[in-house]
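Here is the structure we will look at, set down as structure tokens.
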Amino acid sequence: KMIIRIQSSDGTKRIEVSSSDTVASLLQQVEKSFALKGDGWGVFKSRNYQDEVKKSKSKLRTAGLNHGDMLFLKSQSSVSKISEERPSSAVEAVEVVEDAIDVELWKNDGRIRRDDGSKGMFKIENLSIEPWDEVYLKEKEIKFLSFHAYMRQQTAGVDKGKYFHLENFKAARKLDSNSKKHSVVDLPSAVTLNRQKFRHVDNIMFENREIVDRFLNYWRKSGNQRMGYLYGRYSPHSEVPLGIKAEVCAIYEPPQESTKNWLQFHPDPNEEAVEYIAKKLNLRKVGWILSDLTVEDRSKGTVKNTRHSDTHFLTAEECITAATFQNNYPNPCKLASDGKYGSKFATVIVSGDNDCQISFEGYQVSNQGMSLVADECLLPTLDAPELGYIRESSPELFVSDVYYKEKDKYGNEITKLARPLPLEYLLTDVPTAFSLNSQYSCSNAVAGFPVPYRDTIGEVQSLSSLSKYLNQFKPDQFVDAVSDFNLLVYLYSNDTISFKNEMDVLLDAVRTHDNGLASHWKECASWSTLEEL
């Protein structure tokens, strides 16, 4: 069996096929899964909608498709006809639907108003300043520009950025084994990496401590590490000019195996249910969280400080995984030539700080790092977690030379080949915190419903555990009881009693926190059957 991932503007779906299946049968499954009609769609191997997978009787492996590959679906009238008639060198016009938060920020000029409160007098210092003003950012201890401030800076000239476009670079190109010659023009040129000056997300905020505390319970009970996906929403971050905040409302843990220093996660059979529920609650996947905790002194409740400037912030494997996630959730951008640039998807590492207390550190891999991973150029090193290594060219893959800059012991800037590459060069750190005023969009302060895939520590989702969970709430707290992300996924994917056709009303009640509507839903046939059981 093979899993082929199909990414579209509506999200990513997994198509299960056999290696002996034909390309035609794969496209037939894509058409069915996405409810496509007519010929106005196409599937491509590259993110910029080139190298179309055309209908044929060829086997999938013969067509170069392997387990885990990501293909890109574009639904547009006569897409196949356009790709055949237009030269490949032409720039394709891309219609971009930006995220709601981006649309909102574009309406704001971003200028910073300064007023010292004096009346009857206007000072030069009170003139509004641009959102990229270096003096202001330094004064507020803001390390990175927000992405919107960066875009305003690049389009602030006389021509208002008429000819400015954000470009994603290519560091590698797959070679045709049947061709002995390749034009130099077709091969990517050498790249010198730059430290990214901006970040796509400026703050990560957990809306309450309970969701994180329940996530950490797995480590507390087993001593093994854990990962989970962060579901939430994006909102303006007022502390950074034109900034964006990722508000985390829930953590969902997929199937995984782990030990004290190793973790592997697997495809989730309930992924469709999780994404459906998140969408109905106006939530989306905004990142992932990973624990790396080792007890130092159990009596004091301290943990070891293993991640710092003398060791590493992210290991190479974590960096590559984070970049892969970011590539799977690209940031739509109207200034990008291909309509996508970077990602808002963030990484949170739970580890020990300088005081040996549990801390939460946020990161994003730079856009250049994302490109290196997308081109399969970045590899982990064998014995140095803080270093990556740029793959060398092979008969199947041409890899351009990648360089980075650093200062020598005399303070001179020198250029070095990225073999190896210090991974901190590819990272931007993102401040991570908890809301001062706890909110509970899809969680509650009373208790948490058992988390899936925790059978190894005795947490099991069952009718018995559901009954025990509900008994902790008063009759007038029903909406609080059902406002649990893991419970909602359990109900939606339940095989014993089908709730799928009745969930929308409940999800509306949770989204609006309407106890009356939730109590009304409680009278449905499926819930009555559940209570009888």
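Residue numbers for the sequence shown follow this note's numbering, so the first one is 88 and each next one is one higher. Here a beta-carbon is modelled for each residue, glycine too, at the ideal position from N, C-alpha and C.
- With at least 16 other beta carbons inside 10 angstroms of its own, Q312 counts as buried.
- Contact annotation: F159 and R198 have beta-carbon atoms that are not nearer than 8 Å.
- Along the region 536 to 561, the alpha helix (DSSP H) occurs as fully enclosed runs of 4 or more residues at 550 to 557, listed in sequence order.
- Around the beta carbon of D542, a 10 Å sphere encloses fewer than 16 other beta carbons of the protein chains shown; the residue is thus reported as exposed.
- With contacts defined as CB atoms closer than 8 Å, C336 and Y318 qualify as a contacting pair.
- Per the C-alpha coordinates, the member of I331, G151, A277, D126 positioned closest to F231 is I331.
- Taken in chain order, the whole alpha helix (DSSP H) runs of length 4 or more contained in the region 361 to 447 are 403 to 415.
- The beta-carbon separation of P539 and E359, rounded to 14 Å, does not stay under the 8 Å limit for a contact.
- Annotation for Q240: the continuous alpha helix (DSSP H) segment containing it runs 234 to 241.
- Straight through space, the alpha carbons of D379 and V452 are spaced by roughly 19 Å.
- Here H324 is bridged, per DSSP, to G330.
- For the 8 Å CB-CB criterion, L474 and L508 form a contact.
- Beyond the five residues adjoining it in sequence on each side, P417 comes within less than 6 Å, by CB distance, of K427, S430 in the same chain, given in chain order.
- In the same chain as H287, and ignoring 5 residues on each side of it, the C-beta atoms closer than 8 Å to its own belong to F234, I331, N418, G429, S430, K431, Q451, in chain order.
- With fewer than 16 other CB atoms across the displayed protein chains lying within 10 angstroms of its CB, K144 is exposed.
- Residue environment for P218: buried (at least 16 other C-beta atoms within 10 angstroms of its C-beta).
- About 16 Å separates the beta carbon of V597 from that of S580, a gap too long to meet the 8 Å contact definition.
- The shortest CA-to-CA distance from N573 to any of N558, G535, H324, K587 is the one to G535.
- When secondary structure is reduced to three states using DSSP, W349 falls in the coil class, being assigned neither helix nor strand.
- M457 and S95 have their alpha carbons spaced roughly 19 Å apart.
- Going by DSSP, K308 is part of no beta strand (DSSP E) but of the alpha helix (DSSP H) stretching over 297 to 309.
- At least 8 Å separates the beta-carbon of I291 from that of L377.
- Remark: C-beta atoms of T402 and G449 do not approach each other more closely than 8 Å.
- Separation of L553 and F521 (C-alpha to C-alpha, rounded to the nearest whole angstrom) is 29 Å.
- Apart from the 5 residues on each side of it in sequence, S309 sits with its Cβ closer than 6 Å to the Cβ of I544 in its chain, given in chain order.
- H353 and V361 have their alpha carbons spaced roughly 15 Å apart.
- Boundaries of the beta strand (DSSP E) around V130: 128 to 131.
- Beyond the five residues adjoining it in sequence on each side, H395 comes within less than 6 Å, by CB distance, of no other residue in the same chain.
- For a cut-off of 8 Å, the C-beta gap from A433 to G374 is around 4 Å, short enough to register as a contact.
- Listed as beta-bridge partners of I93 by DSSP are K100, L158.
- Annotation: T515 to S120 spans about 37 Å, alpha carbon to alpha carbon.
- K141 and A111 have their C-alpha atoms spaced approximately 8 Å apart.
- Between the beta-carbon of M590 and that of L578 there is about 7 Å, and that keeps the pair under the 8 Å contact cut.
- For E493, the uninterrupted beta strand (DSSP E) run begins and ends at 489 to 494, by DSSP.
- With fewer than 16 other CB atoms across the displayed protein chains lying within 10 angstroms of its CB, N441 is exposed.
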